[in-house]
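Structure record follows, encoded as structure tokens.
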Amino acid sequence: MNYTDVITAKNIKKRFGKFELNIEELHIPEGFSTALVGENGAGKTTLLNILGGLRRDNEGEVTYFKENKITDEGVLERIGFTGTKNYLLPHWNGNQVRELSEMLFDNFDGEKFDSICKSLNVDDSVFGAKAKPVSKLSDGNIMKLMLATVFARKTDLLLLDEPASPLDPLMRDMLGDILRTYIAEGNGKRSVLFSTHNISDMESVCDYIIIMDDGKILERGFVLDIKEKYVVVKGDERDYEAASKHMVSAHNGKYGFEGIALSEKKNLFAGMNVSFETPDLFQICVSLLKQNSKLQMPEL
Amino acid sequence: MINAIKSFNAYNSKKVIRLTYALLPIGIFAVLFVTGLFLKKVDLDQRNIVFVTLAIIAIIEAVVMICLSDRFGIGTILVNNSGISEMMKTSFEGGKVTVNAVIGDAIMKGFLFTFVFVILFFGRLIFCKDSPVMLIFLNLMGIAASHTTCSLICWICRKIESSALASVVHSFGLFLVTPAIVMYALPTKIIHISVLVSLTVLFLLADAAINIIGIRLLKKFIKNEWYTDAKPKGREDED
Numbered sequence: 001m002n003y004t005d006v007i008t009a010k011n012i013k014k015r016f017g018k019f020e021l022n023i024e025e026l027h028i029p030e031g032f033s034t035a036l037v038g039e040n041g042a043g044k045t046t047l048l049n050i051l052g053g054l055r056r057d058n059e060g061e062v063t064y065f066k067e068n069k070i071t072d073e074g075v076l077e078r079i080g081f082t083g084t085k086n087y088l089l090p091h092w093n094g095n096q097v098r099e100l101s102e103m104l105f106d107n108f109d110g111e112k113f114d115s116i117c118k119s120l121n122v123d124d125s126v127f128g129a130k131a132k133p134v135s136k137l138s139d140g141n142i143m144k145l146m147l148a149t150v151f152a153r154k155t156d157l158l159l160l161d162e163p164a165s166p167l168d169p170l171m172r173d174m175l176g177d178i179l180r181t182y183i184a185e186g187n188g189k190r191s192v193l194f195s196t197h198n199i200s201d202m203e204s205v206c207d208y209i210i211i212m213d214d215g216k217i218l219e220r221g222f223v224l225d226i227k228e229k230y231v232v233v234k235g236d237e238r239d240y241e242a243a244s245k246h247m248v249s250a251h252n253g254k255y256g257f258e259g260i261a262l263s264e265k266k267n268l269f270a271g272m273n274v275s276f277e278t279p280d281l282f283q284i285c286v287s288l289l290k291q292n293s294k295l296q297m298p299e300l
Numbered sequence: 301m302i303n304a305i306k307s308f309n310a311y312n313s314k315k316v317i318r319l320t321y322a323l324l325p326i327g328i329f330a331v332l333f334v335t336g337l338f339l340k341k342v343d344l345d346q347r348n349i350v351f352v353t354l355a356i357i358a359i360i361e362a363v364v365m366i367c368l369s370d371r372f373g374i375g376t377i378l379v380n381n382s383g384i385s386e387m388m389k390t391s392f393e394g395g396k397v398t399v400n401a402v403i404g405d406a407i408m409k410g411f412l413f414t415f416v417f418v419i420l421f422f423g424r425l426i427f428c429k430d431s432p433v434m435l436i437f438l439n440l441m442g443i444a445a446s447h448t449t450c451s452l453i454c455w456i457c458r459k460i461e462s463s464a465l466a467s468v469v470h471s472f473g474l475f476l477v478t479p480a481i482v483m484y485a486l487p488t489k490i491i492h493i494s495v496l497v498s499l500t501v502l503f504l505l506a507d508a509a510i511n512i513i514g515i516r517l518l519k520k521f522i523k524n525e526w527y528t529d530a531k532p533k534g535r536e537d538e539d
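Just so you know, the protein sequences line up as chains E and A, in that order.
Using our numbering, the letters of the first sequence map in sequence onto residues 1 to 300.
Using our numbering, the letters of the second sequence map in sequence onto residues 301 to 539.
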């Protein structure tokens, strides 16, 4: 698929003790929604912070909208960012969030912000004369408030760190609709990059996916291509050993084994009692991440 | 500007801020007014002693309250990166807004001290019958001395994360306002106006230098530290 990059990054490195974020090349396609998936501690937030300009002490080069740097005038104005903590300070109230956004971003529309807050049903106790601080809000309401500050601006790129995590299913569904509308109204010029653990919920809004593990990119590509690249393999227990040699990951259970394999290796399963299915994104992500995961089933 | 300053005020500091910026001048005015009424029948010298003592208490109180409110407001802005919102960092204007908030804060402190000393001026003019010209210069020196004291204490404490150490700085920093207090305690007749003018100029120069150095340090901190300090969640062993 032909596309231009909204973000291009090369040789991004950042070390924290034993952990190292090491990304040789990163392309975020323009006009699409990209999901960043990985285990806790895989480096998603660090990468988003680097791309959002919150961290600038990394090695490597990041360019935005073809050839701009984050420090170039007007670049940050075109990027909407929401973090998981400290984006809104806990002692701020809704009025302050609105006033500060007006002060910090030329393209912030106060009336649109009010209207979005109303539509998203943000707890109105943080507004008005006796406005409560943001710290009194639930995580979901804080996220809705953060999203309102971002969607009330005219931006071309959204970087959202786990926007779906604190949201209820209804709001998560609406977030998908909002992101799809945002991209559709951009006529190919608006892009979204979000990290998520809610792969199934966010699959409908995901065009491109980057799977990260231990600071590195494990897999990337357009969702349709990735789904064609892998296949779910299910089979009898007796074929497990032979089949697992050709699979990316496999799990043997009471009723047989299941896992994923590269589609191009389908012919290697000839003679085995196996069936193939098209995987969903969740299956692909979990299978790929299981390869190197340190997670183990605890003895209960 | 006010909104930017307010945005730095920590959640638990609202009462301190209100006390500083609203109740303090009103309280000083009320105490002086009531005292003035009670002192109507007392002779001028005794009235002077009582009034000047109260004025000195008011000056020290003002400096203490304003420095304290700064601790809860701008706080440890030169060292504590986590006190800065990510929203501020993701804006091209974020650094500028922060520097402007600090400049605005210094101007606000100036207004507050002016307000306090204007009350003291009229109080002393009415009840102590001092020379208006001398009182003007005396109070100008008082404003300059108090603001300089505050600037020094605040900028030092903005670089200190430890509350205990900040308390020590607050305590000893108060001595800087001593010249203003001594001048206030002396009878205006024995003070030469040139001494007041010299002290005022000296304090203003010191004040300007302290704030310029402070703002340069802040700009350097924004440039070098703002975008490096945040620890990624779940990792304690950051290099």
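Ideal Cβ placement from N, Cα and C applies to all residues, glycine included.
Problem - Cα-Cα separation between Ile-512(A) and Ser-462(A), rounded to whole angstroms - result: Stepping through the second sequence from its first residue, residue 512(A) is reached at position 212. Stepping through the second sequence from its first residue, residue 462(A) is reached at position 162. Taking the straight line joining both Cα atoms gives about 24 Å.
Practice task
Give me the Cα-Cα distance between Ile-493(A) and Ile-407(A), rounded to the nearest whole angstrom.
Solution key: Working through the second sequence from its first residue, we reach residue 493(A) at position 193. Working through the second sequence from its first residue, we reach residue 407(A) at position 107. Going by the C-alpha atoms only, they are around 26 Å apart.
Practice task
Would you mind reading off the limits of the beta strand (DSSP E) that contains Phe-276(E)?
Solution key: On the first sequence, position 276 is the one that residue 276(E) refers to. Phe-276(E) -> beta strand (DSSP E) spans 274 to 277.
Exercise for the section: Give the C-beta separation of Trp-92(E) and Val-62(E) to the nearest angstrom, bearing in mind that I take them to be a contact with Cβ-Cβ under 8 Å. Expected result: Counting from one through the first sequence, the residue named residue 92(E) turns up at place 92. Counting from one through the first sequence, the residue named residue 62(E) turns up at place 62. That pair is no contact at about 29 Å.
Handout entry: Reference Lys-10(E), options His-27(E), Phe-19(E), Glu-20(E), closest by Cα
Key = Reading the first sequence from its first residue, position 10 is the one you call residue 10(E). Minimum Cα distance to Lys-10(E) is reached at His-27(E).
Handout entry: Contact under 8 Å by Cβ, Met-387(A) with Tyr-87(E)
Key = The residue labelled residue 387(A) in the question sits at position 87 within the second sequence. The residue labelled residue 87(E) in the question sits at position 87 within the first sequence. Contact: yes.
Practice task
Taking 8 Å as the threshold, find out whether the region 264 to 277 of chain E comes into contact with the region 11 to 18 of chain E through three or more Cβ pairs.
Solution key: Cβ pair count under 8 Å is below three, so no.
Exercise for the section: Enumerate, from N- to C-terminal direction, the unbroken alpha helix (DSSP H) stretches of 4 or more residues contained entirely within the region 444 to 501 of chain A. Expected result: 463 to 473, 478 to 485
Practice task
Would you mind telling me which residues of chain E sit closer than 7 Å to Phe-472(A), beta carbon to beta carbon, in chain order?
Solution key: On the second sequence, residue 472(A) is found 172 positions in, with the first residue counted as 1. Within chain E, no residue comes near Phe-472(A); the closest Cβ sits about 30 Å away, beyond 7 Å.
Handout entry: Neighbour list for Val-397(A) in chain E, Cβ cutoff strictly below 9 Å
Key = The residue you call residue 397(A) lines up with position 97 of the second sequence. Those within 9 Å of Val-397(A) in chain E are Leu-100, Met-103, Leu-104.
Exercise for the section: Starting from the C-beta of Thr-45(E), find all residues in its chain whose C-beta is less than 6 Å away, skip the five residues before and the five after it, and write them out in chain order. Expected result: Counting from one through the first sequence, the residue named residue 45(E) turns up at place 45. Here Thr-45(E) has Asp-161 as same chain residues with Cβ atoms under 6 Å from its own Cβ, once five neighbours each way along the sequence are excluded.
Handout entry: Ile-426(A) classed as buried or exposed, judged by whether at least 16 other C-beta atoms fall within 10 angstroms
Key = Residue numbering aside, residue 426(A) sits at position 126 when the second sequence is read from its first letter. With fewer than 16 Cβ atoms within 10 Å of its Cβ, Ile-426(A) is classed as exposed.
Exercise for the section: Return the CA-CA distance between Thr-528(A) and Lys-265(E), expressed in angstroms with no decimal places. Expected result: As a position in the second sequence, residue 528(A) is number 228, starting the count at 1. As a position in the first sequence, residue 265(E) is number 265, starting the count at 1. Between the alpha carbons of Thr-528(A) and Lys-265(E) lies a distance of about 45 Å.
Exercise for the section: Figure out for me which residue from His-251(E), Lys-118(E), Ser-125(E) has the closest Cα to the Cα of Ala-148(E). Expected result: Sequence index remark: in the first sequence, residue 148(E) carries index 148 (1-based). The option with the nearest alpha carbon to Ala-148(E) is Lys-118(E).
Exercise for the section: Could you check what DSSP says for Asn-292(E) in three-state terms: helix, strand or coil? Expected result: As a working note, residue 292(E) is residue 292 in the first sequence. Coil at Asn-292(E), not helix or strand.
Exercise for the section: For Arg-56(E), return the contacting residues in chain A, with the cut-off set at a CB-CB distance below 9 Å. Expected result: Numbered from 1 along the first sequence, position 56 holds the residue referred to as residue 56(E). Here the neighbours are Trp-526, Tyr-527, Thr-528.
Problem - Cross-chain neighbours of Lys-389(A) in chain E, by beta carbon under 7 Å - result: By 1-based counting over the second sequence, the position of residue 389(A) is 89. Those within 7 Å of Lys-389(A) in chain E are Leu-54.
Problem - C-beta atoms of Lys-13(E) and Gly-60(E) nearer than 8 Å - result: Position 13 of the first sequence holds residue 13(E). Position 60 of the first sequence holds residue 60(E). Their beta carbons are under 8 Å apart, which means Lys-13(E) touches Gly-60(E) by this criterion.
Problem - contact_flag[the region 72 to 84 of chain E, the region 124 to 133 of chain E] where n(CB pairs < 8 Å) is 3 or more - result: no
Exercise for the section: Express the C-alpha separation of Gly-395(A) and Phe-503(A) in angstroms, rounding to a whole number. Expected result: Taking the first residue of the second sequence as 1, we reach residue 503(A) at position 203. Taking the first residue of the second sequence as 1, we reach residue 395(A) at position 95. Cα to Cα, Phe-503(A) sits roughly 29 Å from Gly-395(A).
Handout entry: Proximal residues to Lys-189(E) (C-beta, below 8 Å), its chain only, five neighbours per side dropped
Key = On the first sequence, position 189 is the one that residue 189(E) refers to. Counting only Cβ-Cβ distances below 8 Å, and skipping sequence neighbours, we find Glu-30, Gly-31, Asp-156.
Problem - Distance between Arg-458(A) and Leu-452(A) (C-alpha atoms, nearest Å) - result: The residue labelled residue 452(A) in the question sits at position 152 within the second sequence. The residue labelled residue 458(A) in the question sits at position 158 within the second sequence. Using only the alpha carbons, I get a separation of about 10 Å.
Exercise for the section: With Ile-347(A) as the anchor, note down where its alpha helix (DSSP H) starts and where it stops. Expected result: The residue labelled residue 347(A) in the question sits at position 47 within the second sequence. Residue 347(A) is actually Arg in this sequence, not Ile. Note, Arg-347(A): alpha helix (DSSP H), 344 to 372.
Problem - Complete beta strand (DSSP E) runs within the region 162 to 232 of chain E (minimum length 3 residues, chain order) - result: 191 to 195, 208 to 213, 216 to 222
Practice task
Output the distance between the C-alpha atoms of Trp-526(A) and Ile-384(A), rounded to the nearest integer angstrom.
Solution key: Locating residue 526(A) in the second sequence gives position 226, counting from the first residue. Locating residue 384(A) in the second sequence gives position 84, counting from the first residue. Distance from the CA of Trp-526(A) to the CA of Ile-384(A), rounded to the nearest whole angstrom, comes to 8 Å.
Handout entry: Residues that DSSP places opposite Glu-258(E) in a beta bridge
Key = Residue 258(E) sits at position 258 when you count from the first residue of the first sequence. According to DSSP, which records beta bridges pairwise, Glu-258(E) is partnered with Lys-234(E), His-251(E).
Exercise for the section: Could you pull the start and end residues of the alpha helix (DSSP H) that Thr-528(A) belongs to? Expected result: Translated into positions along the second sequence, residue 528(A) becomes position 228. From DSSP, Thr-528(A) is part of no alpha helix (DSSP H); its letter is neither H nor E.
Problem - Alpha-carbon spacing of Cys-206(E) relative to Pro-279(E), whole angstroms - result: On the first sequence, residue 206(E) is found 206 positions in, with the first residue counted as 1. On the first sequence, residue 279(E) is found 279 positions in, with the first residue counted as 1. Between the alpha carbons of Cys-206(E) and Pro-279(E) lies a distance of about 15 Å.
Exercise for the section: Evaluate Thr-4(E) with the Cβ neighbour count: other Cβ atoms within 10 Å of its Cβ, from every protein chain shown; 16 or more gives buried, anything less gives exposed. Expected result: Residue mapping note: residue 4(E) aligns to position 4 of the first sequence, counting from 1. Flag for Thr-4(E) reads exposed.
Problem - Nonlocal neighbours in the same chain, by C-beta distance under 6 Å from Gly-388(E), ignoring five residues either side - result: What is shown of chain E runs 1 to 300, which leaves residue 388(E) out entirely.
Practice task
Could you spell out where the beta strand (DSSP E) holding Glu-61(E) opens and where it closes?
Solution key: Sequence index remark: in the first sequence, residue 61(E) carries index 61 (1-based). 59 to 64 is the span of the beta strand (DSSP E), which, as asked, contains Glu-61(E).
Practice task
Determine the contact status of Ser-33(E) and Val-192(E), defining contact as a CB-CB distance below 8 Å.
Solution key: Counting from 1 along the first sequence, the entry for residue 33(E) is found at position 33. Counting from 1 along the first sequence, the entry for residue 192(E) is found at position 192. It is a contact, given that the beta carbons lie within the stated cut-off.
Practice task
Drop a sphere of 10 angstroms on the beta-carbon of Ile-357(A), count the other beta-carbons inside from all chains shown, and report buried for 16 or more, exposed for fewer.
Solution key: Here residue 357(A) is taken as the residue at index 57 of the second sequence, counted from 1. Looking at its Cβ environment, which holds fewer than 16 other Cβ atoms inside 10 Å, Ile-357(A) is exposed.
Practice task
For Asn-380(A), return the contacting residues in chain E, with the cut-off set at a CB-CB distance below 7 Å.
Solution key: In the second sequence, residue 380(A) corresponds to position 80, counting from 1. What Asn-380(A) touches in chain E: nothing, since even the nearest Cβ is about 11 Å away.
Handout entry: chain E within 8 Å of Lys-429(A), Cβ atoms only
Key = Translated into the one-based positions of the second sequence, residue 429(A) becomes position 129. No, no contact with chain E.
Practice task
Please state if the CB of Ile-377(A) and the CB of Leu-518(A) are separated by a distance shorter than 8 Å.
Solution key: By one-based count along the second sequence, residue 518(A) stands at place 218. By one-based count along the second sequence, residue 377(A) stands at place 77. Yes, they are a contact pair.
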